[in-house]
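Chemist:
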Amino acid sequence: MENVLEIKRLSKNYGDFRLKDVSFSLPEGYIMGLIGPNGAGKTTIIKLLLNLINKDGGEVRIFGRDNTRDEVAIKTRIGFVHDTPHFYEQLTLKNVKATIAPFYKNWDDGLFCCLLREFDLPAKKPFRTLSRGMKMKFALAVALSHHADFIILDEPTSGLDPVFRRELLAKLSSLIQDEKKSVLFSTHLTSDLERIADYVTFINQGEIVFSAAKDEILEKWAVVKGGNDLLDETNRMFFKGIRKREFGFEALTSDAAEARRRFVKNAIIEKASLEDIMFYLTRGANHA
Amino acid sequence: MRSLILKDLILNKKFLLWTGLLYFIYVAVFGSRIDNPRITTVFITFLCFIMPVMVFTREEKLKGTVLVCSLPATRKQIILARYVLGWLLMLGSFVLATIGILAVPGSKLGPEDLLNARIIMFALGLMALYFAILMPLLIRFGMVGFLVFLISLQVLGFITLALVSQSALKLNIRSSIAAVKNAFIFLSSNLGTPAYYALLIVVMVALNLASFACSVSIFKRKDF
């Protein structure tokens, strides 16, 4: 299985924020969710992939090529959606298309028109008159209209209504059916990822916490609920995050099998959702 | 590069048509009131050089740089397109402004005053100089860079005037200007007109290539 994206020891220093030795990869034909709280470094990674910012160290390979040396060849095969679409506000959608289409050899006008119809977008309206949801739809239509092999989306669902969020997720799922296209999708809405992601990379404070197949993550991580008497020093060390309450505790572990062995009868062990994992590993709970 | 230039033309189509038209009328009317071809040339070239500045700062105003840098184009190509488009706009505006000045009824200058090799070379030299200095500033600081450029020109003018009013320095400044003028005359008479113009063109190209290299280096280091 070839990797469409390979990131090795990527770093960027902003002074007050540092992306530290980020490494992960995405196999061809899959959807990867990049999750983390606000300010974790998701957008920084995406900007580094698109060369919008300069890296301080590390390596980014897309389609097996260096993203700075083979920038044009790589970007021709990439579709992108930024968290805030940066299209020219005063131009009509038709004219925005006219400014972008010549950059792509594989631009498909027919497909673009189809997508405009499918997303109910008015070609003759200026971009600035669109709602946030419609702007996102348009950005997605542009990203898909040149038959990109790799789609990069930065928080595409934030601020969108649930109906379009579902439509967008369905669209992304249908995209990868040919097993050639891949998607990297950053979000802090974990429910979106549970629906469609094959792989999940979790980033917090500029560091990768884990990057693995979603099913493997959901199998390995668990939430343990029990009485406070169970919280001795050894068990505290075992947990990744603990939330103490008056009558008991809830804690997150990355070793569900060991938790089942350790707390056979005296605790409840539940599968952890991505939201649970994000909550316990960030500011939401006391760390063990 | 063609896609980048096309993008700027689509983006600035209305602006170039309407503002450009008013601007053209303004330059033609005021230019036709001046009776000195050299002063007219300084006036036209400066106003023509503002044309690309307005186009490029609009990109900044519309926050389009993130989009452009996300598209399949290297930063070097983006800057190259700006230089090419900048020169096309300057030359186009210069041609239109010259025609406009000559076409205004009662213009104080005739075709023989403006349409000669010496004046055209002078105009090209001024545009090359303005453009080469301003572009790196514009790319580094945006509109602020343009203002810095304008203020620097004014400050330089004030300093020169102040120095000229001091009798002790008067001679030096006059002699410096005369020395530069003499250098050009010396080159022109020794090289012969074609070689002299060729040398001037080489200098202008070299100046713009150096400016281009500087702009690329600045733009490559920028984070968006």
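As you go down the protein sequences, you meet chains A and B in turn. So the number in this note's numbering is just where the residue sits in the first sequence, counting from 1, plus 26. So the number in this note's numbering is just where the residue sits in the second sequence, counting from 1, plus 1. We put the CB at the ideal spot given by N, CA and C, even for glycine.
If you count every other CB in all the chains shown that lies within 10 Å of the CB of proline 53 of chain B, and 16 or more means buried, which is it?
Modeler: One-based indexing of the second sequence puts residue 53 of chain B at position 52. By the neighbour-count rule (16 or more Cβ atoms within 10 Å), proline 53 of chain B is buried.
Chemist: Can you give, in chain order, each stretch of the alpha helix (DSSP H) that sits fully within the region 125-196 of chain A and has at least 4 residues?
Modeler: Taking only runs of at least 4 residues, the alpha helix (DSSP H) segments lying wholly in the region 125-196 of chain A are 135-144 and 158-170.
Chemist: Does the separation of the CB atoms of threonine 70 of chain A and isoleucine 61 of chain A fall below 8 angstroms?
Modeler: Position 44 of the first sequence, counting from 1, holds the residue named residue 70 of chain A. Position 35 of the first sequence, counting from 1, holds the residue named residue 61 of chain A. Going by C-beta atoms, threonine 70 of chain A is not nearer than 8 angstroms to isoleucine 61 of chain A.
Chemist: If we require 4 or more residues per run, which alpha helix (DSSP H) segments fall completely within the region 183-213 of chain B?
Modeler: None, since the region 183-213 of chain B contains no complete alpha helix (DSSP H) of that length.
Chemist: Nearest to glutamine 78 of chain B by alpha carbon, out of B:Leu68, B:Ile100, B:Leu151 and B:Val217?
Modeler: The residue labelled residue 78 of chain B in the question sits at position 77 within the second sequence. Among B:Leu68, B:Ile100, B:Leu151 and B:Val217, the Cα nearest to that of glutamine 78 of chain B is on B:Val217.
Chemist: For leucine 76 of chain A, which residues in chain B fall below 7 angstroms Cβ to Cβ?
Modeler: For the purposes of this step, residue 76 of chain A is taken as the residue at position 50 of the first sequence. In chain order: Ser71.
Chemist: Please check if any C-beta of chain B sits within less than 8 angstroms of the C-beta of lysine 101 of chain A.
Modeler: By 1-based counting over the first sequence, the position of residue 101 of chain A is 75. Cβ-Cβ to chain B under 8 angstroms: yes for lysine 101 of chain A.
Chemist: Residues in the region 105-131 of chain A with C-beta within 8 angstroms of chain B's C-beta atoms, listed in sequence order?
Modeler: Going along the region 105-131 of chain A in chain order, one finds Phe106, His108, His112, Phe113, Tyr114, Glu115, Gln116, Leu117, Asn121, Ala124, Thr125, Ile126, Pro128, Phe129 and Tyr130 with a Cβ nearer than 8 angstroms to chain B.
Chemist: When Cβ atoms are compared, which residues of the region 7-18 of chain B fall closer than 7 angstroms to chain A?
Modeler: Those would be Leu7, Lys8, Ile11 and Leu12, in chain order.
Chemist: In this structure, how does DSSP classify phenylalanine 236 of chain A when only helix, strand and coil are distinguished?
Modeler: In the first sequence, residue 236 of chain A corresponds to position 210, counting from 1. DSSP places phenylalanine 236 of chain A in strand when its eight states are reduced to three.
Chemist: Are any of the Cβ atoms in chain A nearer than 8 angstroms to that of aspartate 224 of chain B?
Modeler: On the second sequence, position 223 is the one that residue 224 of chain B refers to. At least one chain A Cβ lies under 8 angstroms of aspartate 224 of chain B.
Chemist: Taking beta-carbon pairs under 7 angstroms, can you tell me which members of the region 172-198 of chain A lie near chain B?
Modeler: For the region 172-198 of chain A, which is checked against every Cβ of chain B, not one residue is closer than 7 angstroms.
Chemist: Tell me whether alanine 66 of chain A sits in a helix, a strand or coil according to DSSP, three-state version.
Modeler: What you label residue 66 of chain A is simply residue 40 of the first sequence in a count that begins at 1. Note: alanine 66 of chain A maps to coil in three-state DSSP.
Chemist: Quick one: measure Cβ to Cβ for valine 48 of chain A and phenylalanine 89 of chain A, integer angstroms, because I've assumed they're closer than 8 angstroms.
Modeler: Taking the first sequence and counting its residues from 1, the one referred to as residue 48 of chain A is at position 22. Taking the first sequence and counting its residues from 1, the one referred to as residue 89 of chain A is at position 63. With 8 angstroms as the limit, valine 48 of chain A and phenylalanine 89 of chain A do not qualify as a contact, their Cβ atoms being about 19 angstroms apart.
Chemist: Going by CA-CA distance only, name the one from A:Arg286, A:Ser280 and A:Val290 that's closest to aspartate 302 of chain A.
Modeler: Numbered from its first residue, the first sequence carries residue 302 of chain A at position 276. The residue with the shortest Cα to Cα distance from aspartate 302 of chain A is A:Ser280.
Chemist: In whole angstroms, what is the alpha-carbon distance linking isoleucine 243 of chain A and leucine 81 of chain B?
Modeler: Here the question's residue 243 of chain A lines up with position 217 in the first sequence. Here the question's residue 81 of chain B lines up with position 80 in the second sequence. Approximately 48 angstroms between the Cα atoms of the pair.
Chemist: What does the alpha-carbon distance come out to for the pair lysine 145 of chain B and aspartate 135 of chain A?
Modeler: Position 144 of the second sequence, counted from the start, is the residue given in the question as residue 145 of chain B. Position 109 of the first sequence, counted from the start, is the residue given in the question as residue 135 of chain A. The residue asked about is misnamed: residue 145 of chain B is valine in this sequence, not lysine. The straight-line gap from Cα to Cα measures roughly 39 angstroms.
Chemist: Just checking: is the beta-carbon of alanine 211 of chain B within a distance shorter than 8 angstroms of some beta-carbon in chain A?
Modeler: By 1-based counting over the second sequence, the position of residue 211 of chain B is 210. Alanine 211 of chain B does not count as touching chain A.
Chemist: Contact defined as beta carbons within less than 8 angstroms: I believe leucine 75 of chain A pairs with asparagine 93 of chain A. What is the distance between those atoms, to the nearest angstrom?
Modeler: In the first sequence, the residue the question calls residue 75 of chain A occupies position 49. In the first sequence, the residue the question calls residue 93 of chain A occupies position 67. Confirmed, Cβ separation roughly 6 angstroms.
Chemist: Taking the C-alpha atoms as reference points, what is the distance between histidine 172 of chain A and isoleucine 11 of chain B?
Modeler: Working through the first sequence from its first residue, we reach residue 172 of chain A at position 146. Working through the second sequence from its first residue, we reach residue 11 of chain B at position 10. Looking at the two C-alpha atoms, the distance is approximately 20 angstroms.
Chemist: So does the region 201-219 of chain A actually touch the region 289-307 of chain A, counting three or more Cβ pairs closer than 8 angstroms?
Modeler: They touch, by the three-pair rule.
Chemist: Assuming glycine 267 of chain A contacts leucine 307 of chain A (C-beta within less than 8 angstroms), just tell me the rounded distance between them.
Modeler: Taking the first residue of the first sequence as position 1, residue 267 of chain A is located at position 241. Taking the first residue of the first sequence as position 1, residue 307 of chain A is located at position 281. That belief holds up - the Cβ atoms of glycine 267 of chain A and leucine 307 of chain A are roughly 6 angstroms apart, short of 8 angstroms.
Chemist: Considering only C-alpha positions, which residue in the set A:Ile177, A:Lys151 and A:Leu156 is nearest to glycine 55 of chain A?
Modeler: Taking the first sequence and counting its residues from 1, one reaches residue 55 of chain A at position 29. With distances taken between Cα atoms, glycine 55 of chain A lies closest to A:Ile177.
Chemist: Label glutamate 181 of chain A either buried or exposed according to how many other C-beta atoms from any shown protein chain fall within 10 Å of its C-beta, with 16 as the threshold for buried.
Modeler: On the first sequence, residue 181 of chain A is found 155 positions in, with the first residue counted as 1. That one is buried.
Chemist: Starting from alanine 74 of chain B, find everything on chain A with Cβ-Cβ shorter than 9 angstroms and list it in chain order.
Modeler: In the second sequence, residue 74 of chain B corresponds to position 73, counting from 1. Under the 9 angstroms cutoff, chain A gives Glu97, Val98, Lys101 and Phe129.
Chemist: Count Cβ pairs between the region 91-101 of chain B and the region 27-36 of chain B that sit closer than 8 angstroms; are there 3 or more?
Modeler: Yes: the two stretches touch, three or more of their Cβ pairs being nearer than 8 angstroms.
Chemist: Taking the straight line between their C-alpha atoms, what separation do you get for lysine 182 of chain B and threonine 41 of chain B?
Modeler: Taking the first residue of the second sequence as 1, we reach residue 182 of chain B at position 181. Taking the first residue of the second sequence as 1, we reach residue 41 of chain B at position 40. Looking at the two C-alpha atoms, the distance is approximately 19 angstroms.
Chemist: Given a cut-off of 8 angstroms on the beta-carbon distance, is the pair alanine 167 of chain A and leucine 201 of chain A in contact?
Modeler: On the first sequence, residue 167 of chain A is found 141 positions in, with the first residue counted as 1. On the first sequence, residue 201 of chain A is found 175 positions in, with the first residue counted as 1. It is not a contact, given that the beta carbons lie outside the stated cut-off.
Chemist: Label lysine 38 of chain A either buried or exposed according to how many other C-beta atoms from any shown protein chain fall within 10 Å of its C-beta, with 16 as the threshold for buried.
Modeler: Residue 38 of chain A sits at position 12 when you count from the first residue of the first sequence. It is buried - the Cβ of lysine 38 of chain A has at least 16 other Cβ atoms within 10 Å.
Chemist: Hey, arginine 287 of chain A and isoleucine 295 of chain A are a contact pair by Cβ (cut 8 angstroms); roughly how many whole angstroms apart?
Modeler: Looking up residue 287 of chain A in the first sequence gives position 261. Looking up residue 295 of chain A in the first sequence gives position 269. That pair is no contact at about 10 angstroms.
Chemist: Within a Cβ cutoff of 7 angstroms, which residues of the same chain sit near aspartate 82 of chain A, ignoring the five residues on either side of it in sequence?
Modeler: Counted from its first residue, the first sequence places residue 82 of chain A at position 56. Taken in chain order, the residues that qualify are Ser37, Lys38 and Asn39.
Chemist: What is the DSSP secondary structure of proline 111 of chain A, counted as helix, strand or coil?
Modeler: By 1-based counting over the first sequence, the position of residue 111 of chain A is 85. In the structure shown, proline 111 of chain A sits in coil (DSSP, three-state: anything other than H, G, I, E or B).
Chemist: At least one CB of chain B closer than 8 angstroms to the CB of asparagine 39 of chain A: is that the case?
Modeler: Counted from its first residue, the first sequence places residue 39 of chain A at position 13. Output row for asparagine 39 of chain A: interface = no.
Chemist: Taking any Cβ of chain B, which residues in the region 50-79 of chain A have a Cβ under 8 angstroms from it, in chain order?
Modeler: For the region 50-79 of chain A, which is checked against every Cβ of chain B, the residues closer than 8 angstroms are Lys73, Leu76, Asn77, Leu78 and Ile79.
Chemist: How close, in whole Å, do the beta carbons of asparagine 209 of chain B and alanine 129 of chain B come, if the pair is a contact with beta carbons under 8 angstroms?
Modeler: In the second sequence, counting from the first residue as 1, residue 209 of chain B sits at position 208. In the second sequence, counting from the first residue as 1, residue 129 of chain B sits at position 128. Contact flag correct, Cβ pair sits at about 6 angstroms.
Chemist: Do we get a CB-CB distance below 8 angstroms when we pair serine 218 of chain B with the residues of chain A?
Modeler: What you label residue 218 of chain B is simply residue 217 of the second sequence in a count that begins at 1. No - not a single Cβ of chain A is within 8 angstroms of the one on serine 218 of chain B.
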